[in-house]
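The structure under discussion appears below in the form of structure tokens.
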Amino acid sequence: MNPRILKILLTKEIRLMRRNPFIPRIIVAMPLMVMLVLPLVANMDVRNVGIAVVDNDRSELSRRIIADMDASEFLSVNGRVFTYDDALELLEQGNADAIVAIPPQYSKNLVLGNIPKLEIDANGVNATKGMLGANYAAQSIISTLARWQAENGIEPLVPSGSVMNYFNPTLDFRNYMIPALMVVLIIIICGFLPTLNLVSEKETGTIEAMNVTPVGRFTFVLSKLIPYWVVGLLVITIGMIIGWLVYGLVPAGNIADIYLAAVLFSLVMSGLGITIANKSATILQSIFIMFAFIMIFQLMGGLFTPIASMPEWARYITYAVPPRYFIEIIRSVYLKGATLTDLWPQYAALGSFALLLCGVAAATYKKRA
Numbered sequence: 012m013n014p015r016i017l018k019i020l021l022t023k024e025i026r027l028m029r030r031n032p033f034i035p036r037i038i039v040a041m042p043l044m045v046m047l048v049l050p051l052v053a054n055m056d057v058r059n060v061g062i063a064v065v066d067n068d069r070s071e072l073s074r075r076i077i078a079d080m081d082a083s084e085f086l087s088v089n090g091r092v093f094t095y096d097d098a099l100e101l102l103e104q105g106n107a108d109a110i111v112a113i114p115p116q117y118s119k120n121l122v123l124g125n126i127p128k129l130e131i132d133a134n135g136v137n138a139t140k141g142m143l144g145a146n147y148a149a150q151s152i153i154s155t156l157a158r159w160q161a162e163n164g165i166e167p168l169v170p171s172g173s174v175m176n177y178f179n180p181t182l183d184f185r186n187y188m189i190p191a192l193m194v195v196l197i198i199i200i201c202g203f204l205p206t207l208n209l210v211s212e213k214e215t216g217t218i219e220a221m222n223v224t225p226v227g228r229f230t231f232v233l234s235k236l237i238p239y240w241v242v243g244l245l246v247i248t249i250g251m252i253i254g255w256l257v258y259g260l261v262p263a264g265n266i267a268d269i270y271l272a273a274v275l276f277s278l279v280m281s282g283l284g285i286t287i288a289n290k291s292a293t294i295l296q297s298i299f300i301m302f303a304f305i306m307i308f309q310l311m312g313g314l315f316t317p318i319a320s321m322p323e324w325a326r327y328i329t330y331a332v333p334p335r336y337f338i339e340i341i342r343s344v345y346l347k348g349a350t351l352t353d354l355w356p357q358y359a360a361l362g363s364f365a366l367l368l369c370g371v372a373a374a375t376y377k378k379r380a
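Here you go:
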């Protein structure tokens, strides 16, 4: 590989990127739009869960239970009824997500040392909101009972305990999602753009001039990849700055570890993009193929669906999905403060994928006389 030829080709690629009215705008506009808009609208935090209460006790304790649930930032008592059928009607109408049924003589049984059954039913149509709402209601009731028993000198009959959420104490979904959005940006920008760039040269015929030159295939492919590696670092930088200024989220670990992972993942995506471009005859064909890979990466990489929740056969497939390792790295560094030593298997896997795909990209580019 001749460094002088590589420098000339890189200068040519940078000039083409600057003269293209689309690429510079998408490099800056896409991170801004994704990081500013998506964390606000694609939010899976469960709040304002509607609760319908069947108060068969009608005591001071039952009123206190209802008041404490209504005061919670996660719960909202949308109906206080006296029959289960009325509560079920609220559930069917969509005005409630869970039903709390307080049995008769509930407070008296607690004083006598009995533990009466307190029924909580969830709406299964919106399973996430219903089940989480039922858990929130149960935690609120346990907390209220513990305080009431302590105030009245009653030995606690309900098991007491505390829940501490490590690494994301507020359980804010944005803290979980913002690192994932940086992964999406690199997938799109470092995967799509080099693919479209190379295929567009095929369609316009300008690549034929390169094919008759003595430039080696490795030098040519490298000149196509390096600019997008730099773009990947720029995208990560913009994402981290927005996460800090807008959402107050900063990495708990070393930023250099994030940049190292970003470089490796940019190699993976750009190598995959060039490989697809080498095998595509038109821009439309390359877009469809790249879109298929992106869908697999988003669904199987643990981006929005936890890998632990997948079937066992699907979990084995995820080991062949490169974004899985980058997602694990960036979330661990951001939220847990993990180090390079802690995550060396993920870095090794990304490095292996990068070498493999960049090698395939160089091997599949064929010069035609």
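Per our numbering, residue 12 is the first one in the sequence shown, and the count goes up by one each step.
Ideal Cβ positions, reconstructed from N, Cα and C, are used throughout, including at glycine.
Quick caveat, the model's predicted, so the values are computed rather than measured.
Where residue i sits in the DSSP three-state scheme
i: LEU132; result: The identity of residue 132 in the sequence shown is Asp, whereas the question assumes Leu. ASP132: strand per DSSP, three-state reduction.
i: VAL279; result: helix
i: ASN89; result: strand
i: GLY61; result: strand
i: SER171; result: In this prediction, SER171 has a pLDDT of 44, which is less than 50 and means its spatial position is unreliable; what the coordinates show is noted afterwards. Correct three-state label for SER171: coil.
i: ILE113; result: strand
i: THR224; result: coil
i: LEU17; result: helix
i: THR230; result: helix
i: PHE364; result: helix
i: LYS347; result: helix
i: LYS235; result: helix
i: MET188; result: helix
Any C-beta of chain C under 8 Å from that of residue i
i: SER343; result: Within the model displayed, chain C is absent; a lone protein chain is all it includes.
Sequence-distant residues of its chain with Cβ nearer than 7 Å to residue i (five each side left out)
i: LYS119; result: none
i: SER234; result: LEU17, LEU20, LEU21, GLU24
i: LYS377; result: none
i: MET280; result: ILE197, ILE198, CYS201, GLY202
i: ARG74; result: none
i: LEU278; result: TRP240, ALA365, CYS369
Supposed close pair residue i, residue j - CB separation, criterion 8 Å
i: GLY264; j: THR375; result: Rounded, the Cβ-Cβ distance is 37 Å, inconsistent with contact.
i: ALA109; j: ASP79; result: Contact doesn't hold; Cβ gap of about 15 Å is too wide.
i: LEU129; j: ILE113; result: 6 Å
i: ILE197; j: GLY243; result: 5 Å
i: ALA372; j: ASN289; result: 7 Å
Residues near residue i by beta carbon distance below 6 Å, same chain, minus five either side
i: LEU275; result: LEU361, GLY362, ALA365
i: MET175; result: Low confidence applies to MET175: its pLDDT is 48, below 50, so where it sits in the model is not reliable, and the reading given next is rough at best. Here the set comprises nothing.
i: ILE152; result: ILE76
i: VAL241; result: none
Beta-bridge pairing of residue i - partner residues as DSSP gives them
i: ASP108; result: ASP108 pairs with nothing; no bridge assigned.
i: ASP66; result: ILE113
Cβ neighbours of residue i in the same chain (closer than 8 Å, five flanking residues each side left out)
i: ASP68; result: ILE113, PRO114, PRO115, GLN116, TYR117, SER118
i: ILE218; result: LEU209, GLU212
i: ARG326; result: ILE318, ALA319
i: PRO225; result: none
i: LEU47; result: ILE253, VAL257
i: VAL332; result: ILE307, PHE308, MET311, GLY312
Next on the checklist: Extract the residue ranges of the alpha helix (DSSP H) inside the stretch 275 to 319, only unbroken runs of 4 or more that lie entirely within it.
Outcome noted: 294 to 311
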